[in-house]
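Residue numbers (this note's numbering): 15 to 180.
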């Protein structure tokens, strides 16, 4: 009987990953660039100002006032409520994201024109945010993807924590 390693090798025999040098040369701060290169993530502080949070919260107000709005047990994105409202949310968040991106990245070295959505957590009785996997929308042999999480509530050691896995 084959061991687990051999069984996996038989299933994925056609897949042979190649090493890719992700220099992260688009990060403005050399310390951030070095940290993400070594660890695969970086925590950035004080890049989201209160004006940006206000835009995010106003987007939620706009969404929650929409005729198609409903709550679910768990989380849902603004895209689930239809194109009519999502196009407005996308535009609002695009402006916020551009302001944030300008603080972190050399924006002439990145491409940002993808879908911007609000992720809404309704399970108020539960503390956890259900585990899920975000997927990149680029060929990661050609470029790298950066996912960002922007909380709209205060985060500290006593309130809410975030765990991310590469």
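Quick reminder that beta carbons are idealized off the backbone N, C-alpha and C, glycines included.
My output table needs one value for residue 159: the three-state DSSP class, helix, strand or coil.
coil
Taking only three categories from DSSP, how would you classify residue 41?
strand
Report the start-end ranges of each beta strand (DSSP E) in the segment 58-129 that is 3 residues or longer and not cut off at the edges.
Those beta strand (DSSP E) runs which fall completely within the segment 58-129 and span 3+ residues are 89-91.
Report the residue from 88, 50, 41 whose alpha carbon sits nearest the alpha carbon of residue 117.
41
Run the CB neighbour count on residue 71, radius 10 Å, all protein chains shown included, and call it buried at 16 or more, exposed below.
exposed
Reference residue 64; option with closest CA among 125, 113, 130:
113
Should the segment 93-103 be called in touch with the segment 73-85, which here means at least 3 C-beta pairs below 8 Å?
yes
Length of the line joining the Cα atoms of residue 90 and residue 133:
6 Å
Provide the residue span of the beta strand (DSSP E) that contains residue 133, from first to last.
133-135
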